[in-house]
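Chemist: Please read through the structure below; I'll follow up with questions.
There are 2 protein chains.
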Amino acid sequence: MDNAPRNAGPKYGSAATSGAGTVGKALEVLDQVATFGRPVRFGELLAVSRFPKATLYRFVQTLATEGMLTFDADRQTYALGVRLVRLAHAAWETSSLAPVARQHLDELSARVGETVHLAQLDHASVLYVDKVNAREPLPMYSQAGKVGPAYCTGVGKAMLAYLPQRELDVVIGQQSFHRFTPHTVTSEFALRTELEAIRDQGFAFDREEHEPGIICVAMPILTERGRVLGALSVTSSTSRTTLQALEVHVPAIRATARAISEEAVQWRFPDTVPI
Amino acid sequence: MDNAPRNAGPKYGSAATSGAGTVGKALEVLDQVATFGRPVRFGELLAVSRFPKATLYRFVQTLATEGMLTFDADRQTYALGVRLVRLAHAAWETSSLAPVARQHLDELSARVGETVHLAQLDHASVLYVDKVNAREPLPMYSQAGKVGPAYCTGVGKAMLAYLPQRELDVVIGQQSFHRFTPHTVTSEFALRTELEAIRDQGFAFDREEHEPGIICVAMPILTERGRVLGALSVTSSTSRTTLQALEVHVPAIRATARAISEEAVQWRFPDTVPI
DNA sequence: CAGAGCGGTTCCATTATTCGGAACTCGGTT
DNA sequence: AACCGAGTTCCGAATAATGGAACCGCTCTG
């Protein structure tokens, strides 16, 4: 599995939450449990926390009785709780494209025989909201629920390319331009140039920019008026295919994107005027 | 004070139980947003909330700045935020079988050509932690992140059948025995009888007990010592196949369950002695 | 076996936060 | 102009959070 570089890279979304107020502090604790990526003991938590022992203890207690954390009495460890999973499922269902898109993604994946991703823009980063594996799955970073950078993924660039000028400026200012691979785009200028090319041709490539060996073709999902709802991509590896070969899927991707857009607009994302 | 009664089963799933501290109240609000299942206006929330306007307003404000809710300024609505999705992803990765099982599920699904579910027991109910759709997906209730009843699903019964006596008694006491279909098992006696049969044959059927037309074969995922880690199932519909036909997949399911178990035990679920 | 050390838990006076009724703002409607 | 209802802000009173210190039940050690 790809668990190696957990916090290796830059923080994508962060937003550096204040942590003011009791609720904010509690959520900060929750985040800290999450970043451990494994069940964690009280003492370990205390070591990374800015709160004194008694205070942290009460937080952990509260979160546990509220079901946001679970306490394993045998091993004396805390882990993220099931209430979180339920809430997140609701979040995923109500405020993501995934429910309307699922069927279309399945069809697209079956048709092209490769892995398909559905992503949405979350501030400055890409949130993968769904993924359908190819018949022969490849090991790769993305997973439903994960966030990734916008400037060096196919879905990210596809969405950026169709953002209104003002929003784009903001979002570009928040990109880290960290060099993940030798092919990563690492300057604002190079990115803007590429975004223009993407607008011209109507789709984006990922040329091993985020992960070595992983390539994709991506297209945005747009409303009639051109507002960006999300993006989808067909992903494969250099060991299996080439960008030129992937490009033949563009019409299929376009049809899928259009179908998702139409369904989404009538269903839950009415086409308001962009600001 | 003894800390035993602290965990004494507040029935989760319905609010109004906790809500003690500030954090609890905030989470209660979050739950209420979730149960709407769609973006919701302040007024709607106020109507169902036990808090006065000003108080609710501050909660919603706080949750929004903390990223647990997002506010759509255009339509003046609140929806569950992306921070939840990120947290839940972490929860899913750290405390579910899904990460180790994913690849095995993909392989199993490809091999048998049907939908495959991975589930875990969460108190008295079944939490679907992963799902791989068949080539031709069927419309059905289950989804990764959803919870379902234990007494009338294949995965639920498979897990119950291998629970230690004491735990089983507790869990059975919490089943609702609601009749979902004409085939639903609706009595404790019938359920216990069936669990015995399941232990004898080593796998469980779902005979359209939860959803009409949906059938499955399920097996538990057990450690060496027989502790229940989860369950997996191969699911299809009566319009496509029969239980007899599904039964041929039992050896494949067994092999998959074993593979997942072996990997999980070494990785994150060490085989402690059951209480 | 006394005693130090350590992870975890509880106590409680102090203090900072939250509470919420009421007053206000801002569109739209009569 | 007056009214209305949804949403927002204010501020004294009420309440909940805070965290230093003490405590518990271990294990390790001299």
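If you're matching them up, the sequences are chains A and B in order. For the first sequence, the numbering used here gives the first residue as 20, with consecutive numbering after it. For the second sequence, the numbering used here gives the first residue as 20, with consecutive numbering after it. Glycine residues also receive a C-beta, built at the ideal position from the N, C-alpha and C atoms.
#1: So, do the segment 202–213 of chain B and the segment 236–249 of chain B have three or more beta carbon pairs nearer to each other than 8 Å?
#2: With a cut-off of 8 Å, does the C-beta of R259(A) fall near any C-beta of chain B?
#3: Cutting at 7 Å between CB atoms, please list the residues of its own chain near S280(B), excluding the five before and the five after it.
#4: Taking only beta-carbon positions, decide if A283(B) is within less than 8 Å of chain A.
#5: Tell me, to the nearest whole angstrom, how far the beta carbon of L82(A) is from that of L49(A); I am working on the premise that it is less than 8 Å.
#6: Report yes or no: is there a C-beta of chain B within less than 8 Å of the C-beta of M20(A)?
#7: So what's D188(A) in DSSP terms, helix, strand or just coil?
#8: The beta strand (DSSP E) spanning D93(B) covers which residue range?
#9: For T254(B) and I233(B), which I take to be in contact (beta-carbon distance under 8 Å), what is that distance rounded to the nearest angstrom?
#10: In terms of residue numbering, what span does the beta strand (DSSP E) encompassing V204(A) cover?
#11: Would you say M87(A) reaches chain B, if we count a Cβ-Cβ gap shorter than 8 Å as a contact?
#12: Do you know how far the Cα of E215(A) is from the Cα of P183(A)?
#13: Between D225(B), F208(B), M238(B), A209(B), which lies nearest to R218(B) when the distance is taken from Cα to Cα?
#14: Taking F90(A) as the reference, which of A107(B), K72(B), S114(B), V174(B) has the closest Cα?
#15: Can you grab the Cα-Cα spacing for the pair T84(B) / Y97(B), in whole Å?
#16: Just the Cα atoms here: how many angstroms apart are E129(B) and G100(B)?
#17: Where T134(A) and S206(B) are concerned, what is the direct C-alpha to C-alpha distance, given to the nearest angstrom?
#18: Taking the C-alpha atoms as reference points, what is the distance between R211(B) and A110(A)?
#19: Determine whether the beta carbon atoms of V151(A) and Q139(A) lie at a separation below 8 Å.
#20: Expressed to the nearest angstrom, what Euclidean distance is found between the alpha-carbon atoms of T41(B) and R77(B)?
#21: Let me know if A73(A) comes out buried or exposed under the rule of 16 or more other beta-carbons within 10 Å of its beta-carbon.
#22: Could you round the C-beta distance between L137(A) and L251(A) to whole angstroms and report it? I think they count as a contact, below 8 Å.
#23: Roughly how many whole angstroms lie between the Cα atoms of K176(B) and A39(B)?
#24: Could you check what DSSP says for G86(A) in three-state terms: helix, strand or coil?
#25: Between A209(A) and L106(B), which are expected to be in contact by the criterion C-beta below 8 Å, what is the C-beta distance as a whole number of angstroms?
#26: Any C-beta of chain A sitting closer than 8 Å to the C-beta of H202(B)?
#27: Thinking A120(B) and A180(B) are a contact (beta carbons under 8 Å), I'd like their distance in whole angstroms, please.
#28: I'd like the span of the alpha helix (DSSP H) that includes S128(B), first residue to last.
#29: Per DSSP, what kind of secondary structure is V59(A) in: helix, strand or coil?
#30: Let me confirm a value: S33(A) is counted as buried when at least 16 other C-beta atoms fall within 10 Å, else exposed. Which label applies?
#31: In the structure shown, what three-state DSSP assignment does G40(B) receive?
#32: Would R94(A) be called buried (16 or more neighbouring beta carbons within 10 Å of its own) or exposed?
#33: Assuming H229(B) contacts G167(B) under a Cβ cut-off of 8 Å, what Cβ separation, rounded to an integer in Å, is found between them?
#34: Can you give the Cα-Cα distance for A274(B) and L88(B), rounded to whole angstroms?
#35: What separation, rounded to the nearest whole angstrom, lies between the Cα atoms of Y170(B) and A153(A)?
#36: Where does the unbroken beta strand (DSSP E) through Q139(A) begin, and where does it stop?
Modeler: Let me lay it out:
#1: No: the two stretches stay apart, fewer than three of their Cβ pairs being nearer than 8 Å.
#2: Mapped onto the first sequence, residue 259(A) falls at position 240. R259(A) does not count as touching chain B.
#3: Here the question's residue 280(B) lines up with position 261 in the second sequence. Once the five neighbours on either side are set aside, the close Cβ partners of S280(B) are I240, L241, T242, L248.
#4: Locating residue 283(B) in the second sequence gives position 264, counting from the first residue. Not one beta carbon of chain A lies nearer than 8 Å to the beta carbon of A283(B).
#5: For the purposes of this step, residue 82(A) is taken as the residue at position 63 of the first sequence. For the purposes of this step, residue 49(A) is taken as the residue at position 30 of the first sequence. Correct: roughly 6 Å between the Cβ atoms.
#6: Residue 20(A) sits at position 1 when you count from the first residue of the first sequence. Because the pLDDT at M20(A) is just 35, under 50, the model does not fix this residue reliably, and the point stays unresolved.
#7: By 1-based counting over the first sequence, the position of residue 188(A) is 169. Helix at D188(A).
#8: Here residue 93(B) is taken as the residue at index 74 of the second sequence, counted from 1. Segment: none, D93(B) is in no beta strand (DSSP E) and carries neither H nor E.
#9: The residue given as residue 254(B) occupies position 235 in the second sequence. The residue given as residue 233(B) occupies position 214 in the second sequence. Confirmed, about 7 Å.
#10: Numbered from 1 along the first sequence, position 185 holds the residue referred to as residue 204(A). In the DSSP assignment, V204(A) falls outside any beta strand (DSSP E) and carries neither an H nor an E.
#11: Counted from its first residue, the first sequence places residue 87(A) at position 68. For M87(A), at least one C-beta of chain B is nearer than 8 Å to its own C-beta.
#12: Reading the first sequence from its first residue, position 164 is the one you call residue 183(A). Reading the first sequence from its first residue, position 196 is the one you call residue 215(A). Those two C-alpha atoms are separated by around 13 Å.
#13: Along the second sequence, read from residue 1 onward, the residue named residue 218(B) stands at position 199. Taking only the C-alpha atoms, the option nearest R218(B) is M238(B).
#14: Translated into positions along the first sequence, residue 90(A) becomes position 71. Here the closest residue by C-alpha is S114(B).
#15: Within the second sequence, the letter at position 65 stands for residue 84(B). Within the second sequence, the letter at position 78 stands for residue 97(B). Rounded to the nearest angstrom, the two C-alpha atoms are 12 Å apart.
#16: What you label residue 129(B) is simply residue 110 of the second sequence in a count that begins at 1. What you label residue 100(B) is simply residue 81 of the second sequence in a count that begins at 1. Checking the displayed sequence, the identity of residue 129(B) turns out to be Ala instead of Glu. Going by the C-alpha atoms only, they are around 34 Å apart.
#17: As a first step, residue 134(A) is located in the first sequence; it is residue number 115 there, counting from the start. As a first step, residue 206(B) is located in the second sequence; it is residue number 187 there, counting from the start. For T134(A) and S206(B), the distance between alpha carbons rounds to 44 Å.
#18: Here residue 211(B) refers to the residue found at position 192 when the second sequence is read from its first residue. Here residue 110(A) refers to the residue found at position 91 when the first sequence is read from its first residue. Going by C-alpha positions, R211(B) is about 37 Å away from A110(A).
#19: The sequence position of residue 151(A) within the first sequence is 132, counting from 1. The sequence position of residue 139(A) within the first sequence is 120, counting from 1. No, Cβ-Cβ distance for V151(A) and Q139(A) is not below 8 Å.
#20: As a first step, residue 41(B) is located in the second sequence; it is residue number 22 there, counting from the start. As a first step, residue 77(B) is located in the second sequence; it is residue number 58 there, counting from the start. Rounded to the nearest whole angstrom, the CA to CA distance from T41(B) to R77(B) is 11 Å.
#21: Position 54 of the first sequence holds residue 73(A). Taking all protein chains shown into account, A73(A) has fewer than 16 neighbouring C-beta atoms within 10 Å of its C-beta and is therefore exposed.
#22: Walking along the first sequence from the start, residue 137(A) turns up at place 118. Walking along the first sequence from the start, residue 251(A) turns up at place 232. So it is a contact: roughly 5 Å between Cβ atoms.
#23: Sequence index remark: in the second sequence, residue 176(B) carries index 157 (1-based). Sequence index remark: in the second sequence, residue 39(B) carries index 20 (1-based). Computed Cα separation, rounded: 35 Å.
#24: Indexing the first sequence from 1 puts residue 86(A) at position 67. Here G86(A) sits in coil by DSSP.
#25: As a position in the first sequence, residue 209(A) is number 190, starting the count at 1. As a position in the second sequence, residue 106(B) is number 87, starting the count at 1. Actually they do not touch by this definition, with Cβ atoms about 34 Å apart.
#26: The residue given as residue 202(B) occupies position 183 in the second sequence. No, H202(B) lies away from the interface with chain A (no Cβ there is under 8 Å from its Cβ).
#27: As a first step, residue 120(B) must be located in the second sequence, where it is residue number 101. As a first step, residue 180(B) must be located in the second sequence, where it is residue number 161. The Cβ separation is near 20 Å, so there is no contact.
#28: Residue numbering aside, residue 128(B) sits at position 109 when the second sequence is read from its first letter. For S128(B), the enclosing alpha helix (DSSP H) begins and ends at 117–131.
#29: Residue 59(A) sits at position 40 when you count from the first residue of the first sequence. In the structure shown, V59(A) sits in a strand (DSSP, three-state: E or B).
#30: Here residue 33(A) refers to the residue found at position 14 of the first sequence. The pLDDT assigned to S33(A) is 37, lower than 50, so where the model puts this residue is not dependable; a value taken from the coordinates is nonetheless given after this. Looking at its Cβ environment, which holds fewer than 16 other Cβ atoms inside 10 Å, S33(A) is exposed.
#31: Position 21 of the second sequence, counted from the first residue, corresponds to residue 40(B). G40(B) falls in the coil class under three-state DSSP.
#32: For the purposes of this step, residue 94(A) is identified with residue 75 of the first sequence, where counting begins at 1. Exposed, because fewer than 16 other Cβ atoms sit within 10 Å of the Cβ of R94(A).
#33: On the second sequence, residue 229(B) is found 210 positions in, with the first residue counted as 1. On the second sequence, residue 167(B) is found 148 positions in, with the first residue counted as 1. The Cβ separation is near 7 Å, so the contact holds.
#34: Here residue 274(B) refers to the residue found at position 255 of the second sequence. Here residue 88(B) refers to the residue found at position 69 of the second sequence. Straight-line Cα distance between these residues: approximately 43 Å.
#35: Taking the second sequence and counting its residues from 1, the one referred to as residue 170(B) is at position 151. Taking the first sequence and counting its residues from 1, the one referred to as residue 153(A) is at position 134. Rounded to whole angstroms, the separation of the alpha carbons of A153(A) and Y170(B) is 34 Å.
#36: In the first sequence, counting from the first residue as 1, residue 139(A) sits at position 120. From DSSP, the beta strand (DSSP E) with Q139(A) extends over 134–141.
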